[in-house]
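Its first residue numbered -11, the sequence shown is counted upward by one per residue in the working numbering. Ideal placement from N, C-alpha and C gives every residue a C-beta, glycine not left out. Encoded as structure tokens, the structure appears first; notes follow it.
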Amino acid sequence: MGDRYASFANSDLGRTVVRRLGLPDPPRLRRHDPSAPLTPGPVLLGAASGGRLACPVRELLGRTGVDVSGAAEDGARYGALIFDATGIVDSAGLRALYDFFHPVARSVLGSGRVIVLGTAPEACGSPREATAQRALEGLVRSIGKEFGRGITAQLGYVAPGGEEALESTLRFLLSGRSAYVSGQVIRVGAGAVTAPADWARPLAGKVALITGAARGIGAATARVLARDGAEVIALDVPAAGDDLAGVANEVRGRALQLDLTAPDAPERLAAYLTGGVDVVVHNAGITRDKTLARMDAARWDSVLDVNLSSQERINDVLVERGLIGDGGRIVGVSSIAGIAGNRGQANYATSKAGVIGLVRSGAPVLADRGITINAVAPGFIETAMTARMPVLLREAGRRMNSMAQGGLPVDVAETVAWFASPGSGTVSGNVVRVCGQSLLGA
Ligand code: NAD
């Protein structure tokens, strides 16, 4: 399962060989470390004139304890560059991006962060402004591909009135929690949110259900949500009972053996969750790969049922019976295969594209009940699922992204935890890829 090439490339000998031969050079990514500061160096904060976010962002960064600088200094190195582009109202104004980023493009520290903040095109006051704001995507995605060294780049579209909810998103994007998230467009809506009392344990007092939690991404999600303070209910099929019990014990949570495709699964789950649930993570998933011409109906049906229909059935029962309510968080697990499609995975890609549909169609409906719904779309993650891939395909999956390596289950888990946070109350309807900016479907 381990990436031996990346370990070699990060050794003394490997570094020399990799550079001499011009081979892919996977950097060691900065991941969450509770004792480390939010960013590896100071933040340079810039703004186009008339921007509405620079002030609230400066205030918010002050609460995080990072050093913030308003003007670039010669020779300075930065842990993050943040640019408030909300003041850009036409294409001529895009020059402000060049003026800010060009002089400091080589000044970002390894595993540093670039964040551009804008207004979603659909919320802009004029076609010219919408055009300019849409253009930000091209800049951010290019920076993600150019800067290298584990530096990520994201675009945050923040609705007017979304300043308060921005804190949870900015903390996530600046931190090591977003190590394998790059080139993403994230929408933060307007409205008040309840900031966690303790940002180190934002899920304290919350109950989180994670499906498919016996191993891989689900097990990592159980660990991260427990670390963040949640009481975890880890669910998996009875056949995975031993591993499931191991995970549940490790996180001092509860194990629930249940096959999500059983006809009585929603009823049994509802009966189990009589005390209600705050966070539901639909992680359970299967693959049954074959080209469409060779695929039997059972492969199609089982993948669609586990990966998509079971999520719908469970959401329906939990919402209808009020078992998940105001402040609730639903997180689906999609895949970049659901965005790009994949040969031999028509069933899987259909189910995972369906998860995106579920998020997009569910967000406005659930907003009325104070519930958010989002999805993560993992790329190549080092798990049992990807360890089974043919070697050449596996190596291509690992290298064809801006980080030149596969992600870890914890990278997906951290992204789920950001969606789950009470501070992310106006982050809904998003599908965020955890793929190191994979070229597939980009
Ligand atoms: P995995 O196979 O290691 O784990 C999936 C878990 O889901 C297993 O423990 C399995 O027992 C459980 N499960 C399957 N059917 C179930 C059912 N009917 N009821 C209850 N539990 C059931 O997979 P993983 O790699 O950790 O992936 C987790 C999720 O992430 C899946 O939805 C997968 O499609 C998605 N994903 C993974 C990758 C990757 O690179 N590993 C990439 C994109 C998406």
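Sequence-distant residues of its chain with Cβ nearer than 6 Å to Gly264 (five each side left out):
Leu311
Please list, in chain order, all residues of the same chain as Arg16 whose beta carbon is under 6 Å from its beta carbon, the five residues on each side excluded.
Asn(-2)
Is Tyr168 helix, strand or coil by DSSP?
coil
His90 by DSSP, collapsed to three states: which one?
helix
Out of curiosity, what's the CA-to-CA distance linking Thr338 and Pro91?
44 Å
Give, in chain order, every unbroken run of the alpha helix (DSSP H) that is at least 4 residues long and sits entirely within the stretch 330 to 398.
334 to 355, 372 to 375, 379 to 387
If I follow the unbroken alpha helix (DSSP H) through Phe160, where does it start and stop?
154 to 162
Suppose the cutoff is 8 Å on Cβ atoms and the five residues either side in sequence are ignored; what does the same chain contact list for Glu370 look like?
Met(-11), Gly(-10), Asp(-9), Gly394, Gly395, Leu396, Pro397
Any idea which residues DSSP pairs Ser426 with across the strands?
Asn389
Tell me the DSSP secondary structure of Met(-11) in three-state form.
Legend: pLDDT at Met(-11) = 49, less than 50; position of this residue unreliable, value from coordinates given subsequently. Met(-11) falls in the coil class under three-state DSSP.
State yes or no: is the C-beta of Gly75 within less than 9 Å of the C-beta of Ser37?
yes
Kindly say whether Thr74, judged by its beta-carbon, lies nearer than 9 Å to any beta-carbon of chain C.
The question asks about chain C, but that chain is absent: this structure has only one protein chain.
When the Cα of Leu246 is compared with those of Ala222, Val269, Ala218, which residue comes out closest?
Ala222
For Val128 and Phe89, I'd like the C-alpha separation in whole angstroms.
11 Å
Residue nearest to Gly385 in terms of C-alpha spacing, selected from Ser409, Gly424, Ile361:
Gly424
Residues near Leu280 by beta carbon distance below 7 Å, same chain, minus five either side
Ala334
Is Lys133 near the ligand NAD, in the sense that its beta carbon is under 8 Å from a heavy atom of that ligand?
no
At what residues does the beta strand (DSSP E) containing Asp289 begin and finish?
Run containing Asp289: none in the beta strand (DSSP E); it sits in the alpha helix (DSSP H), 285 to 292.
Taking its Cβ as the centre, do 16 or more other Cβ atoms sit within 10 Å of Asp284, making it buried, or is it exposed?
exposed
Where Ser57 sits in the DSSP three-state scheme
strand
Rounding to the nearest angstrom, what Cα-Cα distance links Asn330 and Ala250 in this structure?
28 Å
Residues bridged to Phe431 [DSSP beta-bridge criterion]:
Here the chain comprises residues numbered -11 to 430, so residue 431 is not present and cannot be evaluated.
Is the stretch 189 to 207 touching the stretch 163 to 170 in the sense that three or more CB pairs, one from each, lie closer than 8 Å?
no
How should Pro28 be labelled, buried or exposed, when 16 other C-beta atoms within 10 angstroms of its C-beta is the threshold for buried?
buried
Sub-9 Å separation of Leu105 and Leu41 beta-carbons:
yes
From the DSSP output, which residues share a beta bridge with Arg189?
BP columns for Arg189 are empty, so no partner.
Since Arg72 and Gly39 are thought to touch, with beta carbons under 8 Å apart, how far apart are those beta carbons, to the nearest angstrom?
Sequence check: residue 72 is Asp here, not Arg. Going by Cβ atoms, the distance from Asp72 to Gly39 rounds to 4 Å, so yes, they are a contact pair.
If you drop the 5 nearest sequence neighbours on each side, which residues of the same chain put their C-beta closer than 8 Å to that of Ser79?
Arg116, Thr119, Ala120, Ala123
Could you tell me if the beta carbon of Thr374 falls within a distance shorter than 8 Å of some heavy atom in the ligand NAD?
yes
Roughly how many angstroms lie between the CA atoms of Gly417 and Ala365, to the nearest whole one?
13 Å
Cβ-based burial, Ser23 [other Cβ within 10 Å; buried from 16]:
exposed
Counterpart residues of Ala243 in DSSP-defined beta bridges
Ala222
Does the distance from the CB of Pro44 to the CB of Pro184 come in under 9 Å?
no
Let's see if you can read the secondary structure: which residues bound the beta strand (DSSP E) around Thr199?
195 to 199
Could you tell me if Ala325 is buried or exposed, where buried requires 16 or more neighbouring beta carbons within 10 angstroms of its beta carbon?
buried
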